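Engineer: One structure, pasted below without further comment.
There are 2 protein chains.
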Amino acid sequence: MTDNATSSPLEKALARADANLDGSLERFFDLLRIKSISTDPAYKDDCEAAARWLAGQLAELGFDASVRPTGGQPMVLAHEKSAAGTHVLFYGHYDVQPVDPLGEWNSDPFEPKLAPAENGDTHIVARGASDDKGQLLTFVEACRAWREANGALPLPVSILLEGEEEAGSRNLGPFLDATQDELKADVVLVCDTDMWDDQTPAITLMMRGLCGVEIEIEAASRDLHSGVYGGAARNPLQVMATILAGLRDTDGRILLEGFYEGVEELPSQIKELWERLPFDEEAFLNKVGLSVPAGETGRSVLEQIWARPTFEINGITGGYGGEGFKTVIPARASAKVSFRLVGQQDPVRICETFRAYVEARLPADCALRFTVHSSSRATTVSTQNPYLAPTLEALTQEWETEAALSGGGGSIPVINEFKNRLGMDALLVGFARFDNRVHSPNEKYDLSSYRKGIRSWIRILAALS
Amino acid sequence: MTDNATSSPLEKALARADANLDGSLERFFDLLRIKSISTDPAYKDDCEAAARWLAGQLAELGFDASVRPTGGQPMVLAHEKSAAGTHVLFYGHYDVQPVDPLGEWNSDPFEPKLAPAENGDTHIVARGASDDKGQLLTFVEACRAWREANGALPLPVSILLEGEEEAGSRNLGPFLDATQDELKADVVLVCDTDMWDDQTPAITLMMRGLCGVEIEIEAASRDLHSGVYGGAARNPLQVMATILAGLRDTDGRILLEGFYEGVEELPSQIKELWERLPFDEEAFLNKVGLSVPAGETGRSVLEQIWARPTFEINGITGGYGGEGFKTVIPARASAKVSFRLVGQQDPVRICETFRAYVEARLPADCALRFTVHSSSRATTVSTQNPYLAPTLEALTQEWETEAALSGGGGSIPVINEFKNRLGMDALLVGFARFDNRVHSPNEKYDLSSYRKGIRSWIRILAALS
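Chains as they are written, first to last, in the numbering used here: chain A, 1 to 465; chain B, 466 to 930.
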């Protein structure tokens, strides 16, 4: 790095970030190698290792950093408040989704690989590359560059890294309550969302909520031979298929009583904004081998994925799934299903209505086990947030194109937790791409997302300081 | 064994069978230890080992025995024709069903265990104990006892043991065609069916046919994040549930066009016979944790399981089935389903109709893979068969109670193959019990089935000679 006495702190930090890139990538790979799958108890030690690794990195950067135990995976909490000014709290999560089906990965999901991309970019391929290890490191590496270039950060920074975002964030609420004095800041920054497109950065204004439920239906006390019992014995897979098939009509509407209470039509202002956005429905679907929107009739794809609620079957298990054939009537069947929620839909009420719906359709001899895995409301970020304009401007400068205000189909329940428990608003700034294969085999993050993500945060820190 | 000069050959053979029992059990255990799962290619060597073991046993008993290769698992074919008279061809199968869910077995499925039964009997617990290793050995051990007691068998005996009965018997037809001169006999004897109840033996007069089909539906080119794509992307599990749920109405009737063509009402003669049989519907269902018949409204349980066709879902696989939760829209879903057929229902036409039914309901962007695993017509044994009466009488003598003429819900496609390709009728004589957990964890065979099964065949050999 050449230190130019006439450079501004911002320019120095940007130059330092670029000079750091190889080292940043090595650190990124170290974190990707840790198998921090939060939803599977087999990976508990790995989650703790990821937390310790991150706390170590932050301590190196002058943060007062610690690993905080919870009832589940630990939190990482760190503060660097040597400067005065706007206090920002950055949130990310170090846990990742399970990797199956493992057979569809082209390389070991926990041995990151660089792969050349068609557009000249480079892909960093590994589980968590995008969601959320790569994204959270853009902020950490921005802090590193700023500190190494200028000695100290330009404003007070706190960092909270969760280890259970992919597992329902069960311990987050109690943790926020218990540490609210420590966490209270002027604004929350979150890096867990997508860019508008490869060239256009975005701040996400709305995120859907989520009800995630597992239902298990048990009939006979053991698996039965379909020759001996077939015709007289209840088949729980048949019961499951019938119950799940009945939840959605041919127009894609969800047939649960009261489901659409709290769902409002998109404000015309947002609708017009989205219509102007350069979004190609066909290309969006084509990219994953599809061509026809499968959601509610008469809605645009952006509405379907950002502004409308859904019902999805995320998994069904039951009976024989091995090679060949087995004429079994299984004793039990289970399904993991989820609803994405928008507006004021109440996840608790929807879970209850769904449970009642299932119970009402259970025939004789069927027992139900109903487990709620996650439950969160939709989020809307106010356009009145005073930090929105400078952040948007910083992004626009880095990417040299006007940043977008977009919607998002996924759920980041923590946003509501910050608002409801600590009264803090959040800005969702992310550098992931639509084609990152988040939650899928061969997840990737673009090297340009990583490099320009780091540079974007440096500009945002400068803009907010 | 005390050799009594005044005993008949039959009495000598029966005494010899009882004296042999411990040795017979050891041989049974040796066969049970061989993991001959035909449907899974991983067990190919085990299937061959089972075939070689059986051919070795039969050679020991003076049979001209050999292992005959096929396109799949080998056949065992053996002849002992030193006597004149009625030539019988015995058929059994040495292959077994897969063992999953393995966690529900109380002991290793391939390490047979003796367990005391509540009724004072003893259970032999292992995969294949009943279906069909125990059953086929009753005949082999009957031949052993007769030969050891009397020097030679009382009539010409051929034995055909298949290794793919649980995998669709794909190579059986060609094998029968190729060896018809060798196989042609006066009557086929099959031991793969149930007793009427613990005390009452039975000859099974009708067996249902089977269409076994696997359908795979593929939508997107990869698994998708339900937050990013949910609402716009087609979910193949939802398509699968909808297609399968639509096949059966609330009265249990199957909604496939033309499905009931060839299904006739039960002849009143058989209906009356079955009504007289000591069958307790409630006890039959209670035994496996059920209480209400789930089949067609207005039919008795015996009709539902023996005389009516069915549709069953034998397995569904798709999406995330591990611990916790994963908000995925899977790229594909698959299901194994089967129809049990009766009367003159045509399995080939039903497979075609089913395929058309599925294709007609596939929405845009869904590709179908449709695999027929098995296809067999129902079987009816003629009551005019001249070997029926002496066989019934031999069973009645051994069990000291009148043997029953029953129906059976399972499928033994080989019966039709013998009839259609070789013009031979078969008698289905079996010693399995309803509660043998065939195809399920903890499969068992009763020691009394094994002992009295051997003795029954000795009496049948005498009666037919």
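Think of the CB as a built atom: it goes at the ideal place given N, C-alpha and C, for glycine as much as any other residue. All figures in this text were calculated on a predicted structure; none of them were measured in a lab.
1. Check residue 601 of chain B in the structure and name its three-state DSSP category.
2. For residue 90 of chain A versus residue 191 of chain A, is the C-beta distance shorter than 9 Å?
3. Quick one: does residue 316 of chain A have its CB under 9 Å from some CB of chain B?
4. Any idea what DSSP makes of residue 759 of chain B, helix, strand or coil?
5. Tell me whether residue 776 of chain B sits in a helix, a strand or coil according to DSSP, three-state version.
6. For chain B, is any of its Cβ atoms less than 9 Å away from the one on residue 135 of chain A?
7. So which of B:576, B:501, B:923 and B:665 has the shortest CA-CA distance to residue 869 of chain B?
8. If you count every other CB in all the chains shown that lies within 10 Å of the CB of residue 50 of chain A, and 16 or more means buried, which is it?
9. Check whether the Cβ atoms of residue 443 of chain A and residue 791 of chain B lie closer than 9 Å to each other.
10. Could you pull the start and end residues of the beta strand (DSSP E) that residue 278 of chain A belongs to?
11. Since residue 93 of chain A sits in a beta bridge, which residues does DSSP pair it with?
12. What separation, rounded to the nearest whole angstrom, lies between the Cα atoms of residue 76 of chain A and residue 52 of chain A?
13. Within its chain, find whatever has a CB closer than 6 Å to the CB of residue 918 of chain B; leave out the 5 residues flanking it on each side and keep chain order.
14. Tell me which residue opens and which closes the beta strand (DSSP E) that residue 529 of chain B is part of.
15. Is the region 685–701 of chain B in contact with the region 791–803 of chain B, if contact means three or more CB pairs nearer than 8 Å?
16. What residue range does the beta strand (DSSP E) around residue 116 of chain A cover?
17. If I'm right that residue 687 of chain B touches residue 294 of chain A with Cβ under 8 Å, what's the distance once you round it to whole angstroms?
18. Quick one: is residue 2 of chain A buried, meaning 16 or more other Cβ sit within 10 Å of its Cβ, or exposed?
19. Please classify residue 691 of chain B: does DSSP put it in a helix, a strand, or coil?
20. Below 8 Å on the Cβ atoms is my guess for residue 347 of chain A versus residue 377 of chain A; work out the distance and round it to an integer in Å.
21. Need the endpoints of the alpha helix (DSSP H) that residue 833 of chain B sits in, please.
22. Jot down the residue ranges of each uninterrupted alpha helix (DSSP H) in the region 500–550 of chain B, minimum 4 residues, whole runs only, in chain order.
23. Consider the Cβ of residue 290 of chain A: report whether some Cβ of chain B lies at a distance smaller than 9 Å.
24. For the region 761–779 of chain B, list every residue whose C-beta sits within 7 Å of some C-beta in chain A, in sequence order.
25. For residue 379 of chain A, which residues does DSSP report across the bridge?
26. DSSP three-state label for residue 589 of chain B, please.
27. So with Cβ pairs under 9 Å, would you call residue 466 of chain B a contact of chain A?
28. So, with DSSP's three-state summary, where would you put residue 474 of chain B?
29. Just verifying my parser: in three-state terms, what is the DSSP assignment at residue 466 of chain B?
30. Using a Cβ distance threshold of 8 Å, determine whether the region 732–741 of chain B contacts the region 269–285 of chain A, with at least three qualifying pairs required.
31. What distance in whole Å lies between the Cβ atoms of residue 379 of chain A and residue 350 of chain A, which are believed to be in contact at a cut-off of 8 Å?
32. Strictly below 8 Å CB to CB, what residues from chain B border residue 450 of chain A?
33. How close, in whole Å, do the beta carbons of residue 770 of chain B and residue 231 of chain A come, if the pair is a contact with beta carbons under 8 Å?
34. Distance, Cα to Cα, residue 177 of chain A vs residue 79 of chain A?
35. Please state the DSSP three-state secondary structure of residue 893 of chain B.
36. For residue 71 of chain A, I'd like the list of residues in its chain whose CB is within less than 6 Å of its CB, leaving aside the five on either flank, ordered along the chain.
Structural biologist: Considering the structure as presented:
1. helix
2. yes
3. yes
4. coil
5. strand
6. no
7. Restricting attention to B:576, B:501, B:923 and B:665, the CA atom closest to the CA of residue 869 of chain B is found in B:665.
8. buried
9. The answer is no: Cβ separation not under 9 Å.
10. Looking at the DSSP string, residue 278 of chain A is not in any beta strand (DSSP E), and its letter there is neither H nor E.
11. A:162
12. For residue 76 of chain A and residue 52 of chain A, the distance between alpha carbons rounds to 8 Å.
13. 603 and 896
14. 529–533
15. yes
16. 113–116
17. So it is not a contact: roughly 16 Å between Cβ atoms.
18. Caution is warranted here: a pLDDT of 49 is assigned to residue 2 of chain A, below 50, making its placement in the model unreliable, and the coordinate value is therefore given only provisionally. It is exposed - the Cβ of residue 2 of chain A has fewer than 16 other Cβ atoms within 10 Å.
19. helix
20. 6 Å
21. It is not in any alpha helix (DSSP H) - residue 833 of chain B instead sits in the beta strand (DSSP E) that spans 832–841.
22. 509–525
23. By this cut-off, residue 290 of chain A is an interface position.
24. 766, 769, 770, 773, 775, 777, 778 and 779
25. A:207
26. strand
27. Confidence at residue 466 of chain B is low in this model, with a pLDDT of 45, below 50, so the placement of that residue is unreliable and no value is reported for it.
28. Helix.
29. Summary for residue 466 of chain B: the model assigns pLDDT 45, below 50, so the residue's position carries little reliability; its value from the coordinates is reported in the next sentence. Three-state result, residue 466 of chain B: coil.
30. Counting Cβ pairs under 8 Å, fewer than three are found: no touch.
31. Contact flag wrong, Cβ pair sits at about 16 Å.
32. Within 8 Å of the CB of residue 450 of chain A, no CB atom of chain B is found; the nearest one sits about 19 Å away.
33. That belief holds up - the Cβ atoms of residue 770 of chain B and residue 231 of chain A are roughly 5 Å apart, short of 8 Å.
34. 18 Å
35. strand
36. For residue 71 of chain A, the CB contacts under 6 Å within the same chain, skipping 5 residues up- and downstream, are 171 in chain order.
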